[in-house]
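What follows is a set of notes on a single structure, which appears directly below.
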């Protein structure tokens with residue numbers, strides 16, 4: 080393992096920096112503000128070397144330092160009660176949170192953004208998004224078991240959506256499929272607001288035995304530091320500081336070189352190799368290399384451990400020997416890991432590397448000097464307190480204020496608008512509206528995407544898209560497993576940032592409960608515009624406040640996540656989009672509830688749980704009419720919790736054979752989707768809910784009132800089901816029955832639509848645009 | 003009208019009289035479905051023996067499954083590098099020997115078997131150019147092989163199809179020969195999902211001990227985790243080989 084490294088740079092050593100205080104440095108180009116550069120000089124007592132500047136610039140970037148949000152994100156920790164901490168093994172701050180599942184099992188999951196790279200280079204951007212989040216999961220000592228992808232694109236008919244959608248889907252597919260990880264769900268939303276800023280979020284989940292838990296710290300003076308996996312190349316240099324921390328602007332040069340290039344084969348080998356290392360307890364601490372590469376790994380490992388580390392940078396194996404020390408420190412080359420190994424385990428570690436033909440190089444060792452010292456061919460080019468790089472970055476209290484336009488927006492309700500004045504009312508009009516809804520870009524069948532992903536690999540997938548939550552078995556003996564759902568509604572959050580974030584949590588919580596799982600933990604990916612805009616900063620502050628309040632009521636802690644800012648084109652920010660992933664626990668995945676009924680459910684009763692209000696503002700139907708204004712549906716988290724309890728108990732006690740939550744598109748969408756899940760019809764009537772809730776047929780079908788679900792109850796279970804919901808004081812209505820003979824969805828007194836027509840409307844849209 | 007039919011959850015794996023059989027499951031760098039294949043072997047009642055690509059010992063296994071995945075990242079060409087693995091030369095020798103070791107190649111395993119010349123033809127990119135994962139209907143064309151003797155001839159089964167390079171191609175002479183010698187083991191029913199010549203999903207060698215196919219029987223062995231969350235049509239592959247090993251014939 081030898082290499083020719085170009086060592087003859089004009090190396091900017093620490094001594095040189097001390098002696099040449101007035102050298103011009105490109106700090107502004109690297110994304111640092113003047114106050115931040117001044118702070119670095121103050122910390123070091125001299126100007127930084129070129130290598131130190133590179134490290135600080137990436138680690139103090141918005142992406143890595145959370146400098147605009149730190150003061151707000153604190154609420155996620157502050158609002159966690161002792162009860163919520165009960166099953167929490169690792170909380171926010173590590174690579175991913177870890178939750179106890181019982182029986183010695185634990186689960187770790189996290190959602191992250193890879194938005195900007197996926198716009199610049201959709202295929203590689205999306206692929207490396209999967210790669211990065213999967214390495215976070217491995218870093219905790221876990222075997223990754225599934226991935227999910229919530230996606231938001233621009234208008235479905237915009238020419239650039241062809242490039243972005245094809246690229247992103249093929250990127251996620253080619254990388255995830257090659258890792259052997261089932262893709263069990265996600266969401267796909269089209270809205271022109273995301274045209275220049277598509278959101279590509281990636282979630283990974285892993286399972287581990289308690290004793291396999293690993294953390295990112297470099298402990299034990301004299302222990303060796305090793306870098307292994309792929310070689311370091313020139314890709315992704317400055318990705319975190321330049322791409323993820325700035326708005327796109329037509330006047331700047333192309334940023335393509337800042338996107339990393341992935342090699343899923345290398346990652347798959349790395350996964351198996353790391354699991355062997357964990358099994359044999361060969362590493363003391365481990366950290367994946369993602370944003371900010373070696374800068375991040377060395378400074379975080381050192382500052383989380385004994386406090387010091389010494390590293391020789393010319394020992395890094397390179398793909399491109401002309402890289403400068405600063406570039407090596409900043410490179411975001413994929414499929415690399417850094418570990419800390421005791422001297423006695425070095426030989427065993429090398430044997431594992433040899434088994435998998437993985438390249439590695441020993442870079443240095445852990446010290447107790449509280450200094451991170453990086454040398455280049457023996458000369459010191461970095462000499463810093465690692466905490467100042469990794470943890471003591473700048474923190475900003477960005478000004479924020481309720482936008483001046485918010486009141487007018489909220490006053491502009493759908494029904495008072497021109498579009499909302501002329502609503503479908505007759506049976507024929509309602510039928511046409513249902514077909515229009517389920518064919519629309521957001522509500523249409525997304526199997527054009529999901530069939531490009533492997534949902535079967537591993538043999539443990541019990542539910543996957545289009546079911547409400549993805550469900551994966553962890554323990555084959557007992558059937559223990561987890562359910563995960565991701566949700567967000569950018570329109571709701573735009574109308575009311577506080578409620579919108581709560582609605583995102585409510586929906587993902589509901590989806591998990593609908594599958595029969597008990598919600599246990601939350602990971603969030605907060606996608607917003609520029610924090611330097613007080614309007615956006617207000618949306619962000621309100622979103623974090625709303626989400627953390629809601630987590631407390633529902634009793635589910637946020638265990639980790641990611642903030643993605645500067646998602647805006649010019650001065651137009653995306654809708655605030657807090658994507659919330661809820662993870663739930665199933666003692667036996669055999670009890671999970673699918674989202675539709677099969678033929679043998681013929682005659683089962685269909686119940687709607689929950690009340691329907693006149694809530695169409697921000698709805699999919701209003702969106703189809705081009706209207707966005709008013710207030711989002713209200714959310715009563717206590718009712719949501721009660722609904723969850725009913726769905727979980729009904730699943731556990733075998734009272735329901737199918738369940739589906741009501742969300743975007745309301746009852747019309749939920750009924751259509753349940754019928755289409757297995758192509759089995761139903762006969763329902765709206766009379767009871769119209770009378771009880773005082774709504775008309777249109778509102779009954781298209782309102783997006785929260786805390787509702789549809790369930791199919793076997794006749795033999797109806798008494799028990801009604802007793803349970805009655806005892807809990809939850810409103811239910813018996814809408815009708817599953818009708819396997821009819822091959823149609825009949826809404827009595829309104830319209831009948833054949834399964835065939837529903838299917839044709841639902842399934843044609845993606846093919847029409849994407850082939 | 004039963005509402006009691008379990009949608010999921012029969013974890014009891016069928017046990018076989020032949021639980022002494024040892025079936026090897028090969029792992030290459032980039033193999034993905036090895037644990038699934040091992041589970042299928044166990045579900046059929048045999049012992050799954052892990053075989054590492056770089057090893058040279060077949061460990062006295064009675065049969066071998068080469069599972070799916072992207073061995074060596076499909077670099078160069080799917081299966082092109084794996085065929086040179088030390089374990090593969092052992093398997094090729096054993097399959098061609100008088101003992102005629104039963105070998106099943108699934109997906110990437112099928113690609114490796116064609117690259118190793120145990121089976122004729124080759125796989126190229128799907129005609130629609132995309133990865134495709136779906137529940138696939140197949141017809142059992144030949145139930146006289148080591149891996150299909152438990153099926154009825156002409157039986158239609160649903161197992162999982164998932165691949166990027168699944169289009170089976172061969173020259174016309176080879177295709178004619180495969181059909182004439184009854185060596186087409188499986189065909190796609192209805193829509194041809196990848197443009198395979200003559201809708202061929204899987205083939206066997208002349209002796210019937212080596213079978214390769216693109217779809218995945220190992221993902222259809224347990225109720226609740228297979229096609230449409232209930233299909234178990236794939237299990238018969240693994241029980242068939244056990245029948246074959248004791249010389250049982252249908």
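Residue numbers (this note's numbering), protein chains in the order written: chain L, 80 to 850; chain W, 3 to 252.
We put the beta carbon where it would ideally sit given N, CA and C, even for glycine.
- Membership of residue 93 of chain W in the alpha helix (DSSP H) is indicated by the continuous run 88–98.
- Annotation: the continuous beta strand (DSSP E) that includes residue 179 of chain L extends over 176–181.
- Under the three-state reduction of DSSP output, residue 141 of chain W falls in the strand class.
- One thing to note: residue 409 of chain L has its Cβ within 8 Å of the Cβ of residue 371 of chain L.
- In this structure, residue 263 of chain L places its C-beta atom within 8 Å of the C-beta atom of residue 543 of chain L.
- Under the 8 Å Cβ criterion, the stretch 77–91 of chain W counts as touching the stretch 42–61 of chain W, having at least three qualifying pairs.
- The bridge partners DSSP lists for residue 686 of chain L are L/790, L/813.
- With respect to residue 386 of chain L, residue 449 of chain L sits close: the two C-beta atoms are nearer than 8 Å.
- Runs of the beta strand (DSSP E) spanning 3 or more residues and lying entirely within the stretch 518–544 of chain L occur at 540–542, in chain order.
- Excluding its 5 nearest sequence neighbours in each direction, residue 99 of chain L has no C-beta neighbour in its own chain below 6 Å.
- Counting of Cβ neighbours within 10 angstroms places residue 504 of chain L among the exposed residues, the total staying below 16.
- Nearest to residue 595 of chain L by alpha-carbon distance, out of L/227, L/500, L/648, L/731, is L/731.
- Listed by position along chain W, the residues whose Cβ is nearer than 8 Å to that of residue 531 of chain L are 132, 133, 134, 135.
- Listed in chain order, the beta strand (DSSP E) runs fully inside the stretch 244–326 of chain L are 262–269, 278–288, 303–308, counting runs of at least 3 residues.
- Here residue 184 of chain L is bridged, per DSSP, to L/181, L/288.
- In terms of beta-carbon proximity, residue 844 of chain L stays away from the interface with chain W, with every pair separated by 8 Å or more.
- Across the structure, residue 564 of chain L and residue 799 of chain L are spaced so that their CA atoms are roughly 28 Å apart.
- Interface with chain L (8 Å Cβ-Cβ cutoff): residue 79 of chain W is excluded.
- For residue 162 of chain W, the neighbours in chain L by C-beta distance under 8 Å run, in chain order, 535.
- The beta carbons of residue 150 of chain L and residue 476 of chain L sit closer together than 8 Å.
- For residue 52 of chain W, no alpha helix (DSSP H) run applies; the uninterrupted beta strand (DSSP E) run containing it begins and ends at 49–54, by DSSP.
- In terms of Cα proximity to residue 344 of chain L, the closest of L/210, L/733, L/747, L/834 is L/210.
- Secondary structure within the stretch 597–682 of chain L: the alpha helix (DSSP H) runs of 4 or more consecutive residues, fully enclosed, are 613–633 (chain order).
- According to DSSP, residue 170 of chain W shares a beta bridge with W/125.
- Assigned with DSSP and collapsed to three states, residue 232 of chain L falls in strand.
- DSSP, reduced to helix, strand and coil, places residue 366 of chain L within a strand of the structure shown.
- In the structure shown, residue 565 of chain L falls within a strand segment according to DSSP collapsed to helix, strand and coil.
- Within the same chain, Cβ atoms closer than 6 Å to the Cβ of residue 24 of chain W are found at 49, 51, 63, 64, the five residues on either side in sequence being excluded.
- For a cut-off of 8 Å, the C-beta gap from residue 172 of chain W to residue 211 of chain W is around 20 Å, too long to register as a contact.
- Residue 164 of chain W: member of the beta strand (DSSP E) spanning 158–165, first to last residue.
- Within chain W, the residues 10, 226, 227, 231 have their CB atoms less than 8 Å from the CB of residue 541 of chain L, given in chain order.
- Listed along chain L are 257, 344, each with a C-beta nearer than 7 Å to that of residue 72 of chain W.
- Think of a sphere of 7 Å around the beta carbon of residue 221 of chain W: the chain L residues whose beta carbon falls inside it are 535, 538, in chain order.
- Within the stretch 740–787 of chain L, complete alpha helix (DSSP H) segments of at least 4 residues are found at 745–757, 766–772, 776–781, given in chain order.
- At least one C-beta of chain W is nearer than 8 Å to the C-beta of residue 669 of chain L.
- Put simply, of L/693, L/757, L/624 the residue whose alpha carbon is nearest the alpha carbon of residue 158 of chain L is L/624.
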